Amino acid sequence: MLDPFYPIVDSAAWLARLLPCGVKFVQLRVKDRPAEDIRREIRTARTLCDSSGAQLIVNDYWREAIDLGCNFVHLGQEDLDTADIAAIRGAGIKIGISTHDEAELDRALAFAPDYLALGPIYPTILKKMAFGPQGLDRIGEWKKKIGAIPLVAIGGITLERAPGVFAAGADIVSAVTDISLNADPEARARAWVAATRPAVA
1 MLDPFYPIVD SAAWLARLLP CGVKFVQLRV KDRPAEDIRR EIRTARTLCD SSGAQLIVND
61 YWREAIDLGC NFVHLGQEDL DTADIAAIRG AGIKIGISTH DEAELDRALA FAPDYLALGP
121 IYPTILKKMA FGPQGLDRIG EWKKKIGAIP LVAIGGITLE RAPGVFAAGA DIVSAVTDIS
181 LNADPEARAR AWVAATRPAV A
């Protein structure tokens, strides 16, 4: 079972800070760095997660995930154009896939993903999005379509909004800036863990 709290960070240094707070399911999303830096970040992140019993998801870099013995990758729709899904599966790696509309959902389901992400649920400042806010109703629609596949809700979600997102049908809630831009990220992460861990029971 995947933990219901799913922070996304851009460096292994963040993991060193958040894993002691009880984080058990985390994505490393490194962008615009030299290849060797990326490998070093993934290697360090994997070591940190292994030592704390946390699940590491590597964003985009599936070749590095295979080489470094990781067991989960997250792929965007563009990544599906070039990713060697057979090689990823052959290495025993699980796959999460981003979706934003019906066509992307249908495409993602064809790959038998281990989880599906839907977003942005709310307006987000993280990056420019080609899609507007999905809203809570879309979460329920997606969950009906995908059944037992875990559904991750992402985009503009704060700790205060999380209960409504879970109530709408999400199995897992992802947070980015609600942690990274908080004045006390560690305290915020502990609050997320305390608020969401009962959802595992």
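Numbering (full-length UniProt numbering), first residue to last: 1 to 201.
All C-beta atoms in this analysis are idealised placements derived from N, C-alpha and C, irrespective of residue type, glycine included.
Nothing here was measured: the structure is a model prediction, and the numbers come from that model.
Item	Value
Determine the contact status of LEU159 and ALA191, defining contact as a CB-CB distance below 8 Å.	yes
Comparing C-alpha positions only, which one of GLY22, VAL26 and LYS143 sits nearest to TYR6?	VAL26
To which residues of the same chain is ASP64 closer than 6 Å at the C-beta, ignoring the five residues directly before and after it?	The displayed chain sequence assigns Glu, not Asp, to residue 64. Result list for GLU64: ARG39 and ILE42, in chain order.
For LYS143, count neighbouring Cβ atoms within 10 angstroms of its own Cβ and tell me buried if that reaches 16, exposed if not.	buried
Given this structure, state the Cα-to-Cα distance separating ALA201 from PRO4, to the nearest angstrom.	For ALA201, the pLDDT reaches just 46, beneath the cut-off of 50, and the residue's location in the model is therefore unreliable, leaving the point undetermined.
Buried or exposed: which applies to LEU181, given that a residue is buried once 16 or more other Cβ atoms fall within 10 Å of its Cβ?	exposed
In this structure, how does DSSP classify ALA201 when only helix, strand and coil are distinguished?	Per-residue confidence for ALA201 stands at a pLDDT of 46, beneath the threshold of 50, marking its modelled position as unreliable; the derived number appears in the next sentence. DSSP places ALA201 in coil when its eight states are reduced to three.
What residue range is occupied by the uninterrupted beta strand (DSSP E) comprising GLY164?	Where GLY164 is concerned, there is no enclosing beta strand (DSSP E), although the alpha helix (DSSP H) it sits in stretches over 162-168.
GLU189 and VAL23 look like a contact to me (Cβ under 8 Å); what is the Cβ gap, rounded to whole Å?	What sits at residue 189 in the sequence shown is Ala, not Glu. Contact holds; Cβ gap of about 6 Å.
What does a CB cutoff of less than 8 Å around ARG46 pick up in its chain, not counting 5 residues either side in sequence?	LEU56, LEU68, GLY69 and CYS70
I believe ILE121 touches ILE139 by the beta-carbon criterion, under 8 Å. Please report the beta-carbon distance rounded to the nearest angstrom.	7 Å
Per DSSP, PRO7 is paired with what?	ALA175
If you draw a straight line from the C-alpha of THR124 to the C-alpha of THR177, how long is it?	9 Å
Do ILE95 and PRO113 come within 8 Å of each other at the CB atom, strictly closer than that value?	yes
Kindly give me the distance between the Cβ atoms of GLY169 and LEU151, rounded to whole angstroms, as I take these residues to be in contact under 8 Å.	7 Å
Which residue or residues does DSSP assign as beta-bridge partners of residue 203?	Since the first residue of the chain shown is 1 and the last is 201, residue 203 is not available in this structure.
So what's VAL73 in DSSP terms, helix, strand or just coil?	strand
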